[in-house]
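Residue numbers (numbering that gives the first Met the number 0), protein chains in the order written: chain D, 0 to 507; chain U, 0 to 479; chain R, 0 to 703; chain X, 0 to 99; chain Z, 0 to 174.
The C-beta atom is built at its ideal place from N, Cα and C for all residues, glycine as well.
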Amino acid sequence: MEFLLQPLTLVIFFPLVGVFALLFIPKENKDAMRWTTLIVALITFGISIYVLTMFRAADVNLQLVARYDWIVVGGWNIQYFLGVDGLSILLVLLTTLLTWISILSAWTAVEERVKEFMIFFLLLEVGMNGVFLAQDLFLFYIFWEFTLVPMYFIIGIWGGPRRIYAALKFFLYTMAGSILMLLAILWLGIYGNTFSVPDLIARGGIPVNIQMWLFIAFALAFAIKVPMWPLHSWLPDAHVEAPTAGSVILAGVLLKLGTYGFVRFNLPLFPEAAVSAAPWMALLAAIGIIYGAAVSYAQADIKKLVAYSSVSHLGFVMLGVFALNPEGVAGGILQMINHGVSTGALFLLVGMIYEQTHTREFRLYGGLWKITPVFGTIYLITSMSSMGLPGLNGFVGEFTVLLGAWGAGQNGVFYWGGVWLAAISALGVIMAAVYILYMFQRMFMGPLGEIVEEAKKHGRPIRDLNWREIAVIAPLVILMFWIGLYPAPFFNLMAPAVNHLVGMLPLP
Amino acid sequence: MTFSDFTTILPVAILAVWACALLVVDLFIPKDRKGVTALLAALGLAISLGYTLSQIGDERLGFSGMVALDGFSIFLNALILVCGLLGVALAYDYLKRMNIERGEYYVLLLFSSIGAMLMAQAADLIIIFLALELLSIPLYVLSAFARSNVSSEEAGLKYFLLGAFSSGFLVYGIALIFGAAHTTNLYAILAAASASTVSPLLAFGAALVLVGFGFKIAAVPFHMWTPDAYQGAPTAVTAFMSSSAKIAGFAALLRVFITAFSPLAVNMTDVLWGLSALTMVVGNIIAITQTDIKRMLAYSSIAHAGYILMAFVPYGNAAVAPVSVAAGLFYLIVYAITNFGAWGVVIAVERTEGKGLAISDYSGLAKNHPALAAAMSIFMVSLIGFPPTLGLVGKVYLFRAVIDGGFVVLAVIGVLTSIISAFYYLRVVVNMYMRDGEPSIRREFWLDFTWGALAFLTVFLSLIPQTLFAWASSALMKLF
Amino acid sequence: MYFGESANYGFLFLAPWLIFFPTLGLLINVAFGHKFSERTIGAVASLATGAAFVVSIALAWTLSASHADVLRWRLAEWIHIGAVSLDWTFRVDALSATMMLVVSGVGTLIHIYAIGYMHEDVRFKADPRRFQRFFVFLNLFIAAMMILISADSYLMLFIGWEGVGLCSFLLIGFWYEMDTLGQPSWSNSYAAKKAFVVNRIGDYGFLIASFIMFWAFGTFQFDAVFAKAPQVSQGLIVAITLFYLLGVTGKSAQIPLYVWLPDAMAGPTPVSALIHAATMVTAGVYLITRSAPLYSAVPAAQNIVALTGAVTALFAATIAAGQYDIKKVLAYSTISQLGFMVAAVGVGAYVAGMFHLVTHAFFKALLFLAAGSVILGMERGHHHVEHAHQDKSKKGKKKQEDRGEIFDPGDMRNMGGLRKTMPVTFWVYMAGTLALAGIPPFAGFWSKDEILLDASLHNPTVYWLLTIAAFFTAFYMGRQIWLVFFGTARHEAASHAEESPRVITFPLIALAILSVIGGAINLPFTGFHHFTHWLEGALGKVEAMNLDMQVALVSTALALAAIAISWFLYGRAPADAVRRDPLETLGVLFKGMNGKWWIDELYQALVITPYVKTAQFLADVIDGRFWHDWFHDSVVVGGFNWASRIGLNVYADQKGIDAFANSLGAWTQSLSTMMRKVQNGFVRSYALTFLLGVVLILGYLVFK
Amino acid sequence: MVPVDYYVILSAILFTIGVLGVLIRRNALIIFMSIELMLNAANLAIVAFGSVIESFSGQIFVFFVIAVAAAEVAIGLALIVEIFKSKRSIDVDQVSGLKG
Amino acid sequence: MTLDLALFLVLACIAVASALGMLLSRNTVYAALYLVLNFITVAIFYLLLGAPFIAMAQITVYTGAIMVLFLFVIMLLGAENLPAPNALPWQKPLAIALAAALFAEAAYLLIVKARSLGNVLPPAEAINATENLRQLGVALFQNYLLPFEIVSILLLVAMIGAITLTKKEKGARNG
């Protein structure tokens, strides 16, 4: 029982209660399923809040640790090892938050096979929280791979016209990346005779040339997930085809698994390799920022634009992480949260309008602000947050990231890259304005678009948000303002852990 | 012969007597009640299994060193007997449905199991050869069991011709080993081989023996019979032989190589490496374009032979060999469970006259039969090697052994081919979940029980693999 | 949240309410606006701003009462990570207090004006529900502006800096579904977007400057930065100041980033007055003044600043002289005046710059508002005319009107003789014009003269550029007066124009008074340097200067001459002047002035088109066709197909297989299809493969 | 005496001929005979190897191989007869319905 | 050249020739008869190698039983001459090449690498046929009891299998 009542165990596995409950709800009773899932997700969120209250930011060690031997036999030393620290606490909260928001957003959007949808969603939550909390590499890997399965189904069953293609592509790309990581994990397990991350970090001493290989194996897995340029080509497909709730979780949390992986594993486990890889990773990040922003601008499909903007945003995260200084890393982590909140919200909003119009083509939209003022305003706030307007969350993250990157460039962390990487990346700020404003203008400004007339003709005139939809989006909007105006609590949560992490690196 | 000799092969002996008795009893069972034969066969297997388990901890040689009783053999015998039980369970309804229900089926299945068990216990090349034949001949017959079906006959003939062909190589290989070591006893061969520098004759013989086993386990390029035989044979037979024969083949291969040929590692490691890599690559790649589920699973089974073969590659490294053999054994369990489960689902969906076997026939399964679809998904995911299934644990174990042995490139090939395998396994899932269709399936208690239980085990055991790990690791310790 | 820390002087605790009041106002209007009447909405918004004005006064009083140079109020912890240690602190010193007073004071007046203006505007544009939104945005702007000017660090300043940019975007795009003439169009929204994007380019400079600053100084806090400035290398400071200058050119519409401001006139007139004339656009000047210790440390950078301002001042003034739209003229005039201010701070005349900022806020706000009043009057007249036509011949005529040219109420060529129909507006406009033209003793004269004086002392080039600009200023203002108010009505609407209601004229009059006497705060006579001394608290000791007759005479004479010339060209026969502008005789010069020197076109060709092309190229060709299609389909799949066709003569057939064919899958599929061919069903051939395996293994043993 | 090598070489020749028979003949019966030849060749090798030592083990092994061959023949011929019944031919190339 | 060697070579030539005859004869019956000849030759080799028991078994089981069974089946099915069309044109050349390679490798490994494998012991020492046979029988039923049992089961299984495969089913397909 002690095992089951660990708060972190509960955060991860409580959704399974919902899964079991759902199995016994008859197929026809869709509302009961929705409510069950929502309540379970809300309770999980509550548990994560409870975890937050137990969390002491000043402590750099893992907290609320649950550690039991799992497979300790025949040369194996695998533990059920959970723990939370400043690097992961926010991401856990983000996951539990976005899960119930997504479920609420799928209330009317998913009418077919509701039971399976909800089951997959809860399973996905299990996997995501598991990834953030697992401190044993093997356990981590299991959760990591496991997240693919429900997402695969969510895209493949409830997605758009090319869903099967997108789902397969998603699955294969991410699997292709992570499976090499498995080998690296096994190598580490053999090397250290343990899979426990803290123990491996404490042990250290991996020869540098091997570190390089391991770093690459891990980085490949994470970079595909992030996705870093040029490994991003699965993302637009997956986003465009995924159902709204899927896109939200995909953008909001799943991509963070990759960036989180860099922070959690690549930096402390392979410090020398991380330091020598920093300029290259930063270069890829910078290219991603610019490339993603430019390509976003040329999209005709709203979701694709947002998807490519993720490439750009996550470039910022990566840039921050590989700045290898507290500003950059903390900014990167905060930017993960920000991206989850903002892009998650954008996908939610796009989903809300898509539900009414069934098209995502810009050219059919226009002047929506006039008929949907609330929607327009929230969309505006979200867009601004996404493009990093000061006062909203996006800015705080981007600024600290760029600040960190500039410092890294000045202090030689980027070697040949210098401050140029930061300077070029900062251009992304301008380019973000270009594509975000383009999107906002095309959808909400200008004369009324064709789609408005069309909707009217079909007897379904476009309506403004209803209360459920506002409830779905409100927490995210509140977060945007909160992080934007008063980010101190967020930084304070992670600062000691980040400082500790950066302190381990053999910086030049 | 002493009683002690006899007890070393007690489960085998019991099963042999039971099989002979069943042959007679079957004559008195009316044609429409052959289910009784099935139950009796299962009873025999169960009794034998009971005795097998009672032998745990026992460890000796028997019949002048011709058979060995040790953790390894007990482990594998138990596994083979479980496979036999599952084979009976799957056949029970299937034969009736396909109108090929005859008592000989179960008798032959028992005899084949006897052969398989003897392979696990054999410590002499003669026994290995004879056991292999005893394993194979019933399988030839079983493959052609649906005589009304041309494919079944074709499967039987091809399997037989190529099987006999490979036997020729095996015998020749044994002949050369005999020529080099002047004995057929594995331990004596080891002594002879270690005494001097490696005789090329011995290496030549070992290579041919490897070829013979390679045929049995369907390693590329000795795999060509597999897809045809698996597709043509009645599905219940395919399920049985894809597990049982493979387990037996690996059992013998392991014992021969580790007991007798460890000094040959310098020659054989590269060969095994190549076989393993080739098998993984070819099996997985050809599987991609299959449209028939049985054929697809056949190639999948080839590919898995490649994965298991990986465990053999570091066999000459004394420090790693225990781990790698344990990994191989563990994967055999994983493979047996998952594979039987998948075939169980295939049997549930199959209809008479070869309908219901295309992968497209699985469209819409999830909507109408969610449990079956979920089970199949679990099996497919496990075959890919994804959490939370045994497949992942098994593969991880294998890769670890391989990395431990220093064969990182092989491990990389292993993981890359796993990605390729995701293509075709997921196609089944895609059809079940993401396409519409109206498949009709067969519900029957033992069938449902089989796939249901196996699906459960596939997930459940992956969460607590400790016990299985412990078994697998202890199973090999006794070998040395 | 963390409150307190600084000792509390007087009303200092009210500092956060500079922001909270407008925020409160906007929240109330957001939440309940749809239930309120227009008057209530307007009252709430105006009161919120008015309250901020009161707070500003209280803070200014507290500042002077405390005899401290700077007062700080720490509201909350902000970012503490790594080397960054930043709080949200309010800074009250002479400089910020001045800005607070101007922003909230002028802001309040404009709010009041806007109640009347928007009441009519929303009706002309047929969407009365948007009234509420306007005041929400306006309050938001005030809040953002207050963040900007009350900031105690560059980073907090930047928050307001971009915040006002957003408000500018929202308000320029207020009538987002139409163009300035009320016709359905994308043009207003384009203008809004342009403003934001161009500002972002400036913000890029701001960001980079901040990064350099942080890693050079280790802080963003003003005083800490200034204190450390002497220890930091010149090169870094030059870089910082120049990058800030880029930000300034964006926000304060200087060359090369001024292009957004003329388009910004798409916003309703109160917006033009408040944001795009009086307050927001002066933020750049404020920034430079705020950074005075940095700029003063690097003369090279100062020169560039001064030249930028001076060239802009002249350049924009020439364009203003060639415009026909009443607001466009004022817009270019604003750019030009901002150039004066930037030039002033560039030559180190921070007080003069700030002084001009204040007076300019008065008279330019006045001019814009009055111009708005003119436009409203024209629209009323147009409305009247239309009604009359409709009454006369029901439908027929109306259709004709529609088919005819669309009426532009802002086009000066349609006006004329308005002084009779709109007397109040005329008089206040005159006051504003004289102030802008720099005719003594109007406010503009004093401030401009101080700038010219400083320039003449420090940088002759700048001085002459500014003086010529001043000449043009007087000229285009004269031109405007003659065309708008004198002569006879050139359009039916002008003859039926009506004076605006009191809610509009009251702020006009108030501002007119300020425009007339506003110069009194800092007269160039010993004992009257109030403003200079006031700012000394923030800027350190400043040498107060007295009137230099030479400079004053030259500028005044030039201004008068310019007005005279404008009378000669436009005042004598305005109708002719409209048919063919007398300046057209200048040929290409006039075309340039009228066509804004084709800068927009230049940017279009040099920046925008290439960017769009690049983006499309990246998206379609690189990402789509290269990564997505070509790399996967052609190289991998096609290459393989080719190889297999040539080498093995098998054709990869992918039909009947799930269509995930354009990724790696296709490649392995083709491979698979090929390998399947080996599995040909012939048992002999299987045996052959088998033998091949044996031979290979034995071969390995042979060659081992 | 004749060296064992000679016998082994002979057996290798016979084995190869057997292999070749399996590969190039289409008649199922002859293929089958070729397989018997392969086994026979192996037997010859075993006996030859066995002749250098004082043991029967080789001979006994050969005895078992012969028995197994008999068993295989029984099954094989039964299969061939069955196939003949449906295909009316003993050409193995006719038996190629399963492929891919 | 000793007499032994000459005898060996002559017999070897017959063995190879008969094997090739089987390989190449178009007629199935001839092929079977060539194989019989080959088996008999091999039986003589067994005698030469001092294994009379195996020689007898070879003659009785192989030549007597198995080949008769073959001939019986040939008669049953008709000695079919297969038509020429060949679906696998490259099969034969490849097969010959590979077989040649196989032989070459085998020869290399057996002769060159393994060097001398020793000489056949003179049969004189084991000439006592009855004693030989008795010892063999004892070995068979003592040391080799298990394989013997397995073989018996194997033969039983083969019998069951053959019956299962050929037994006429009631209601089964015609033919």
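- Per the C-alpha coordinates, the member of U:Pro233, U:Leu108, U:Ser63 positioned closest to Ser147 (chain U) is U:Pro233.
- The region 314-374 of chain R is shown to contain whole alpha helix (DSSP H) runs of 4 or more residues at 325-345, in chain order.
- In the three-state DSSP reduction, Met544 (chain R) falls in the coil class, being neither helix nor strand.
- Less than 7 Å divides the Cβ of Gly99 (chain X) from the Cβ of Gln678 (chain R).
- Between Val156 (chain Z) and Ile99 (chain U), the beta carbon gap of about 19 Å keeps them out of contact (Cβ cut-off 8 Å).
- Per the DSSP secondary-structure output, Ile80 (chain R) pairs in a beta bridge with R:Val83.
- Contact between Cys166 (chain R) and Leu139 (chain R) holds: CB atoms are separated by about 5 Å, below the 8 Å threshold.
- Within the same chain, Pro261, Met264 come within 7 Å of Lys327 (chain R) by CB-CB distance, once the 5 residues on both sides are set aside.
- Closest option to Leu451 (chain R), judged by alpha-carbon separation, among R:Ala309, R:Glu76, R:Gly106, R:Asn187: R:Ala309.
- Within 9 Å of the CB of Met37 (chain X), the CB atoms of chain U belong to Ala163, Phe164, Ser166, Gly167, Phe168, Val170, Tyr171, in sequence order along the chain.
- Close to chain Z, meaning a Cβ-Cβ distance shorter than 9 Å, are the following residues of the region 669-685 of chain R: Asn679, Phe681, Arg683, Ser684.
- With a threshold of 7 Å between beta carbons, Val140 (chain U) makes contact with chain Z.
- In this structure, DSSP gives Asp68 (chain D) an extended state, which the three-state scheme calls strand.
- With respect to Pro269 (chain R), Tyr175 (chain R) sits apart: the two C-beta atoms are not nearer than 7 Å.
- C-alpha of Ala238 (chain R) to C-alpha of Ala296 (chain R): approximately 12 Å in a straight line.
- Think of a sphere of 8 Å around the beta carbon of Leu160 (chain U): the chain R residues whose beta carbon falls inside it are Val682, Ala686, in chain order.
- Excluding residues up to 5 positions away in sequence, Pro269 lie with their Cβ nearer than 6 Å to the Cβ of Ala113 (chain R) in the same chain.
- Spatial neighbours of Leu139 (chain Z) in its own chain (CB-CB distance under 8 Å, excluding positions within 5 residues in sequence) are listed in chain order as Phe147.
- In the three-state reduction of the DSSP assignment, Ala143 (chain U) falls in the coil class, being assigned neither a helical nor a strand state.
- What Ile284 (chain U) touches in chain R, judged by beta-carbon distance under 8 Å, is Thr667, Leu670, Ser671, Met674, going in chain order.
- Straight-line measurement puts the Cα of Val224 (chain R) at about 24 Å from the Cα of Ala329 (chain D).
- Contact with chain U is found for Glu71 (chain X), since one of that chain's Cβ atoms lies less than 7 Å from the residue's Cβ.
- Chain D places no beta carbon closer than 7 Å to that of Val310 (chain R), leaving this residue out of the contacts.
- Using a Cβ-Cβ cut-off of 7 Å, Ile53 (chain Z) counts as an interface residue toward chain X, since at least one Cβ of chain X sits closer than that to its own.
- Within chain D, the residues whose beta carbon sits less than 7 Å from that of Ala614 (chain R) are Ala293, Val294, Tyr296, Ala297, listed in sequence order.
- Sorting R:Val258, R:Met98, R:His118 by C-alpha distance to the C-alpha of Glu600 (chain R) places R:Val258 at the top.
- Taking a 10 Å sphere around the C-beta of Trp89 (chain Z), we find fewer than 16 other C-beta atoms and assign the residue as exposed.
- Residue nearest to Leu117 (chain U) within the set U:Asp269, U:Ser72, U:Tyr158, U:Lys157 is U:Ser72 (criterion: CA-CA distance).
- Residue burial is scored here from C-beta neighbours: Gly350 (chain D) has at least 16 other C-beta atoms within 10 angstroms and is therefore classed as buried.
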